[in-house]
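Student: Below are the structure tokens for one structure; questions will follow.
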Amino acid sequence: MKILIAGAGEVGTHLAKMLSREKHDIILMDPDDDKLAFTRSGMEILPVTGSPTSLSDLEEAGVDRMDLFISVTPEETTNITACMLATKMGAKKTFARINNYEYLLPKNMEFFSSLGIDSMIYPEMLAAKEIVSAIRRPWTRQYWDLLGGALILLGIKIRENAPIVNKQLTELTNSKNKFYHIVAIKRENDTVIPFGNDRIMAGDIVFFTSRKENIEEIRRQAGKSEQEVKKILIMGGGRIAIRASQYLPGNIHIKIIETSKEKSIRISEQVPDNVLIINGDGRDTDLLMQEGIQHTEAFVALTENSSTNILACLAAKRFGVTKTIAQVENIDYIPMAEKLDIGSVINKKLIAASHIYQFLLHADVSTVKCLAFANADVAELVARPGAKITKRKVKDLRLPKDMTLGGLIRDGEPILIDGETQIQTQDHVVVFCLDSAMRKLEDYFN
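Counting along the sequence shown from 1, when you hit position 17 you're at 695 in our numbering, and nothing is skipped either side.
Printed below as a string of structure tokens:
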């Protein structure tokens, strides 16, 4: 597939590197030649210095031959304009990064489609929603609704006191009243798709799929205590912090610490009444004590500096905060954050990559999610008529070792999958796969 990415910032650069590894033809465009320097170090990415809103620059880059045009510059107006131009000049599909959630409302989607914009993403809004999910279930590392909420995905760090520690999967899943499926285990630096003889060990991050009514039972099996968050301290007053404070329940007391006085004033006009804006440095322990961090259940670090966020979360844990969340944009730092026991990690690059995958897979994919801690992806797919996945029972499909089926929806009913399950045409299926397996999905579902 030929793909032109406009914007060599953090998101654009990550996408270009990721997609070039999957053997797509990638062109990366940016008006700043210095941002394109990394492409000259042997990577299979063609750099183009130019503006995505310049007709001549787009023409020179060959936009008319592109299967997909992605504009992820920091400027929303640039991205929208660039996608409109790219469509008119012959690009088959376009994708724009935006900063206005109103554009994503269903009533507005047809309007933007008529302008030539096939899909849009607001990474900060999606990051804020992940923060809200993490705070509502503070004992989880990751919590996602799958298939419209019919099934859920839980990522949980297993402690020594958990009832499931040292047990084989066959012991845990051979009950007739099976209520969860373990789709992956992250142990130290490796993520594996487990088999029946694998054991759960203390310190593992275990990924479960289940129905919502089984959440409390999974919590008990994982050895987690019930927690409720009533007070939150957020460090950094950017768009993610504003959105998260708007999405969180009004009965939670939220404090946002922001270093810029002007920004603090501007933020105070955009947040609900239950949010207090504090102008100060969130790294100042005296300030944190003064603002009651020792009585806070959740601490969220959202500055633009990954190491600052990780260290701030470590400091919060020393003050006794049980749930910490760090924005870690440097992907190389994510394993370090996991080793240091940082609760949850937010990464806008992986959020954007999740949505781009939906364009690249020819199978009928409704959602793709990239798991920060696991180097893995979760996809929701529809089994097409005659697809390979429908030909045999799951145990006889000979699925790759880096892929497993987590559950499905059939006629509106959620079903957990085991070896005897036979996938049927039009089933909506949750697939958990390691990074290397994502491209194999098409072979099974098309």
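Each residue gets a CB set at the ideal place from its N, CA and C atoms; glycine is no exception. It should be emphasised that the depicted structure is a prediction, and the values quoted were computed from it without experimental measurement.
Output yes or no for whether 8 Å exceeds the beta carbon distance between G914 and G970.
Tutor: no
Student: Taking C-alpha atoms, which residue in R699, S732 and H702 lies nearest to A684?
Tutor: Taking only the C-alpha atoms, the option nearest A684 is S732.
Student: Using only the alpha-carbon positions, how far apart do E1007 and R1070 sit?
Tutor: 42 Å
Student: Whose C-alpha, out of I758, D745 and I776, is nearest the C-alpha of A769?
Tutor: D745
Student: Any heavy atom of the ligand PLP closer than 7 Å to the beta-carbon of I932?
Tutor: For the ligand PLP, the structure offers nothing, since it holds no ligand at all.
Student: Quick check on this structure: which residue in L831, C761 and K1079 has the alpha carbon closest to the alpha carbon of S797?
Tutor: C761
Student: Threshold first: 3 residues or longer. Then list the beta strand (DSSP E) segments lying entirely within the region 813-858, N to C.
Tutor: 820-824 and 829-835
Student: Here's the rule: buried if 16 or more other CB atoms are within 10 angstroms of the residue's CB, otherwise exposed. What is P801?
Tutor: P801 comes out buried.
Student: Can you tell me whether DSSP reads S792 as helix, strand or coil?
Tutor: helix
Student: Can you tell me which of I893, N987, T986 and I934 puts its alpha carbon nearest to the alpha carbon of T974?
Tutor: I934
Student: Using the three-state DSSP reduction, which class does Q899 fall into: helix, strand or coil?
Tutor: helix
Student: Report the option in T1068, G1090 and D1089 whose CA atom is closest to the CA atom of L1083.
Tutor: T1068
Student: Which residues does DSSP pair with Q1005 in a beta bridge?
Tutor: I1024
Student: Pairing CB atoms from the region 889-908 with CB atoms from the region 1095-1103, are three or more of them under 8 Å?
Tutor: Of all C-beta pairs linking the region 889-908 to the region 1095-1103, fewer than three are shorter than 8 Å, placing the two stretches out of contact.
Student: When you compare the region 1047-1061 with the region 825-837, are there three or more beta-carbon pairs, one atom per stretch, that lie closer than 8 Å?
Tutor: Yes, the region 1047-1061 is in contact with the region 825-837.
Student: For K1118, which residues from the same chain have a beta carbon less than 7 Å from its beta carbon, with the 5 sequence-adjacent residues on both sides left out?
Tutor: Counting only Cβ-Cβ distances below 7 Å, and skipping sequence neighbours, we find P1078 and M1081.
Student: Closest to F886 by CA distance: which of I836, Y925 and S734 is it?
Tutor: I836
Student: At the level of alpha carbons, what is the spacing between E753 and D1121?
Tutor: 38 Å
Student: In chain order, what residues of the same chain have a beta carbon less than 7 Å from the beta carbon of F790, not counting five sequence neighbours either side?
Tutor: Y781 and M798
Student: Identify every residue that forms a DSSP beta bridge with R1088.
Tutor: E1091, per the DSSP bridge assignment.
Student: Just curious, the beta strand (DSSP E) that V870 is in, first and last residue?
Tutor: D868 to V870
Student: Which residue's Cα is closest to the Cα of N778: S792, L804 and A840?
Tutor: L804
Student: What do you reckon, are the CB atoms on V1023 and A1004 nearer than 8 Å?
Tutor: Yes, the Cβ-Cβ distance between V1023 and A1004 is below 8 Å.
Student: Tell me the DSSP secondary structure of R718 in three-state form.
Tutor: helix
Student: For K995, which residues in the same chain have their Cβ closer than 7 Å to its Cβ, ignoring the five residues on either side in sequence?
Tutor: T1002
Student: Name the DSSP bridge partner or partners of T1068?
Tutor: DSSP output for T1068 lists no bridge partner at all.
Student: Quick one: what's got a C-beta closer than 6 Å to D735's C-beta in the same chain, skipping five residues either side?
Tutor: So the qualifying residues of the chain are G728 and S729.
Student: Would you kindly work out how many angstroms separate the C-alpha atoms of N929 and D876, rounded to a whole number?
Tutor: 43 Å
Student: Give the secondary structure of R775 by DSSP, where H, G and I count as helix, E and B as strand, and everything else as coil.
Tutor: strand
Student: Between I813, D962, L965 and N867, which has its C-alpha nearest G1021's C-alpha?
Tutor: I813
Student: What residue range does the alpha helix (DSSP H) around S946 cover?
Tutor: K939 to S946
Student: Measure from the alpha carbon of K680 to the alpha carbon of each residue in V726, A990, D742 and V843, then state which is nearest.
Tutor: D742
Student: Run through the DSSP bridge pairs and tell me what N957 is partnered with.
Tutor: According to DSSP, residue pairing for N957 in a beta bridge involves E936.
Student: Take the Cβ of E906 as the centre, count every other Cβ of all protein chains shown within 10 Å, and call the residue buried at 16 or more, exposed below.
Tutor: E906 is exposed by the Cβ-count criterion.
Student: In chain order, what residues of the same chain have a beta carbon less than 7 Å from the beta carbon of A1065, not counting five sequence neighbours either side?
Tutor: Y1122, F1123 and N1124
Student: Measure the Cβ-Cβ separation of V689 and A1030 and say whether it is below 8 Å.
Tutor: Closer than 8 Å, so yes.
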